[in-house]
Amino acid sequence: MASIHALKPTPTEPPAPRAGRVGKLAIRGLSKSFNGAVVYKDFNLELPLGSAISIFGPNGCGKSTLINMISGLTPMDAGEALYDGRTTRETRISYVFQNYREALFPWRRAIDNIEYPLKLMGVPRAERRRRVEEIVAEFDMKFDLAAYPYTLSGGQQQTISILRALVTDPEVLFLDEPFSALDYEMTLLMRAQLQKIYLKRRITTLLVSHDLEEAIELADKLVLLTRRPTRVAEIVEVDLPWPRDAEATTSEAFVALKRRCLETFWREVKAAPEPN
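The sequence shown: position 60 = 60 (this note's numbering), numbered continuously.
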């Protein structure tokens, strides 16, 4: 496994958004109920494309449900999500699931898993391999591309999932608690790699995390949600230099941001549930 000491990059300011990744994500009138229980009711939110967004809130508030709906995986009862005026079908979207073991094809080698969406798109074999090699080199995580997923570690399997999501050069990348099943060292390594990709490609990233520290570390903006029926409690600007290593989480500015977010979080946790 790579050394954890590699996680000390020199802080830099993020580059300007890459061309084609501008505009806004507009969520309008979103409503969703499950078996009569209202999760979202006329929910509205606007976020800039080309940014890293983290979503955080009380347990059961519908964080994963939100990104499942706006990515097109789960139908809305009402409402719409538009990416610079385009629907999900008109937008290149990729998704990284929490359960990497179920997300990968165990009968396909690592390289075949990564290139699979390109194959579905009809990309010629030589071009598929070129793009896989390019994204693997960018991610800088060493493992045998000819190996089958079940022979690799959990971190390597999730790396395959992330590379598969990135190989299509998505406009929007959704990540649903992608590191929650990994050990601490691998989690830190994966956070660093994800930051490197974000700073180079400026892909719009929407991350759901149950770890507030992680949510802040990997975001330009942090969307704090309320209890159900879920609303936006606050949108917090994370005005910290990139990239952010493990030591950055102990800085005064980071600790102050975390304290502010925790105050909002506990206020919402203790709030009386609203009537449906």
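Where a beta carbon is used, it is the ideal one built from N, C-alpha and C, also for glycine. Small disclaimer: the values here were computed from a predicted structure and weren't measured.
Using the rule of at least 16 other Cβ atoms within 10 Å of the residue's Cβ for burial, across every protein chain shown, is LYS258 buried or exposed?
In the sequence shown, residue 258 corresponds to position 258, counting from 1. By the neighbour-count rule (16 or more Cβ atoms within 10 Å), LYS258 is buried.
Measuring alpha carbon to alpha carbon, tell me which residue in LYS41, ALA233, ARG164, GLY155 is nearest ILE111. Taking the first residue of the sequence shown as position 1, residue 111 is located at position 111. Selected option, being the one with the closest Cα: ARG164.
Identity of the residue in ILE67, ARG227, ALA52 nearest LYS200 by Cα: Position 200 of the sequence shown, counted from the start, is the residue given in the question as residue 200. Ranking ILE67, ARG227, ALA52 by Cα distance to LYS200 puts ALA52 first.
_Meets three-Cβ-pair contact criterion under 8 Å: the segment 122 to 138 and the segment 50 to 67_ = no
Could you give the DSSP three-state label for THR249: helix, strand or coil? Translated into positions along the sequence shown, residue 249 becomes position 249. Helix at THR249.
| request: Pick out whichever of GLY155, SER180, SER161 has its Cα sitting closest to the Cα of ALA103. | output: What you label residue 103 is simply residue 103 of the sequence shown in a count that begins at 1. Of GLY155, SER180, SER161, the residue nearest in Cα terms is SER161.
Review point. Do ARG128 and LEU118 have their C-beta atoms closer together than 7 Å?
Key: Your numbering for residue 128 matches position 128 in the sequence shown. Your numbering for residue 118 matches position 118 in the sequence shown. A contact, by the Cβ cut-off of 7 Å.
Nearest-angstrom Cβ-Cβ length linking TYR100 and PHE174, presumed shorter than 8 Å: As a position in the sequence shown, residue 100 is number 100, starting the count at 1. As a position in the sequence shown, residue 174 is number 174, starting the count at 1. Incorrect: roughly 14 Å between the Cβ atoms, too far for contact.
Quick one, which of GLU213, GLU171, LEU47 has its alpha-carbon nearest ARG250's? If you number the sequence shown from 1, residue 250 lands on position 250. Arg is not the amino acid found at residue 250; the sequence shown has Thr there. Measuring from the Cα of THR250, the nearest candidate turns out to be GLU213.
- Query: What residue range is occupied by the uninterrupted alpha helix (DSSP H) comprising VAL132?
  - Reply: For the purposes of this step, residue 132 is taken as residue 132 along the sequence shown, with counting starting at 1. Run containing VAL132: 125 to 139, per the alpha helix (DSSP H) assignment.
*asked:* Looking at the strands, I want to know which residues DSSP matches up with PRO48.
replied: Counting from 1 along the sequence shown, the entry for residue 48 is found at position 48. DSSP lists LYS24 as partners of PRO48.
What three-state label does DSSP hand ILE162 in the structure shown? Walking along the sequence shown from the start, residue 162 turns up at place 162. Here ILE162 sits in helix by DSSP.
Practice task
Determine the contact status of VAL208 and ILE67, defining contact as a CB-CB distance below 7 Å.
Solution key: What you label residue 208 is simply residue 208 of the sequence shown in a count that begins at 1. What you label residue 67 is simply residue 67 of the sequence shown in a count that begins at 1. Cβ distance < 7 Å, so VAL208 and ILE67 count as in contact.
- With distances taken Cα to Cα, identify the nearest neighbour of SER281 among PHE43, ASP84, ASP77, ARG89. The first residue shown for the chain is 1 and the last is 276, placing residue 281 beyond what the model contains.
Would you kindly work out how many angstroms separate the C-alpha atoms of THR204 and PHE34, rounded to a whole number? Looking up residue 204 in the sequence shown gives position 204. Looking up residue 34 in the sequence shown gives position 34. Cα to Cα, THR204 sits roughly 29 Å from PHE34.
* Using a Cβ-Cβ cut-off of 7 Å (strictly less than) and excluding sequence neighbours within five positions of ALA253, which residues of its own chain qualify? -> Along the sequence shown, one-based indexing puts residue 253 at 253. Cβ within range, chain order: LEU240.
Based on DSSP bridge pairs, tell me the residues matched to PHE43. Position 43 of the sequence shown, counted from the start, is the residue given in the question as residue 43. DSSP lists LEU30 as partners of PHE43.
| message | Within the continuous alpha helix (DSSP H) that includes THR187, where are the two ends? | response | Translated into positions along the sequence shown, residue 187 becomes position 187. Its alpha helix (DSSP H) spans residues 184 to 201.
- Residues that GLU90 bridges to, as DSSP identifies them: Taking the sequence shown and counting its residues from 1, the one referred to as residue 90 is at position 90. DSSP lists no partner for GLU90.
- Apply the 10 Å Cβ neighbour rule to ASP42 and answer buried if 16 or more other Cβ atoms are within range, or exposed otherwise. Taking the first residue of the sequence shown as 1, we reach residue 42 at position 42. Classification for ASP42: exposed.
Determine the contact status of LEU224 and ALA233, defining contact as a CB-CB distance below 7 Å. Stepping through the sequence shown from its first residue, residue 224 is reached at position 224. Stepping through the sequence shown from its first residue, residue 233 is reached at position 233. Yes, they are a contact pair.
Item checked: For ALA78, the residue or residues it bridges with in DSSP -> Against the sequence shown, residue 78 aligns to sequence position 78. Paired residue(s): SER31.
query = Who are LEU173's beta bridge partners in DSSP?
reply = Translated into the one-based positions of the sequence shown, residue 173 becomes position 173. Beta-bridge pairing links LEU173 to SER94, THR205.
Output the boundary residues of the alpha helix (DSSP H) element that contains ARG66. Stepping through the sequence shown from its first residue, residue 66 is reached at position 66. One detail in the question is off: residue 66 reads as Leu in this sequence, not Arg. 63 to 70 is the span of the alpha helix (DSSP H), which, as asked, contains LEU66.
**LEU82 and LEU47 closer than 7 Å at C-beta** = Position 82 of the sequence shown holds residue 82. Position 47 of the sequence shown holds residue 47. Against a cut-off of 7 Å, the Cβ pair of LEU47 and LEU82 comes out as no contact.
Please determine whether the Cβ atom of LEU194 lies at a distance below 6 Å from any heavy atom of the ligand HEM.
What this structure holds is no ligand at all, so the ligand HEM is not there to describe.
Return helix, strand or coil for THR264, following the three-state DSSP convention. Mapped onto the sequence shown, residue 264 falls at position 264. Reduced to three states, the DSSP call for THR264 is helix.
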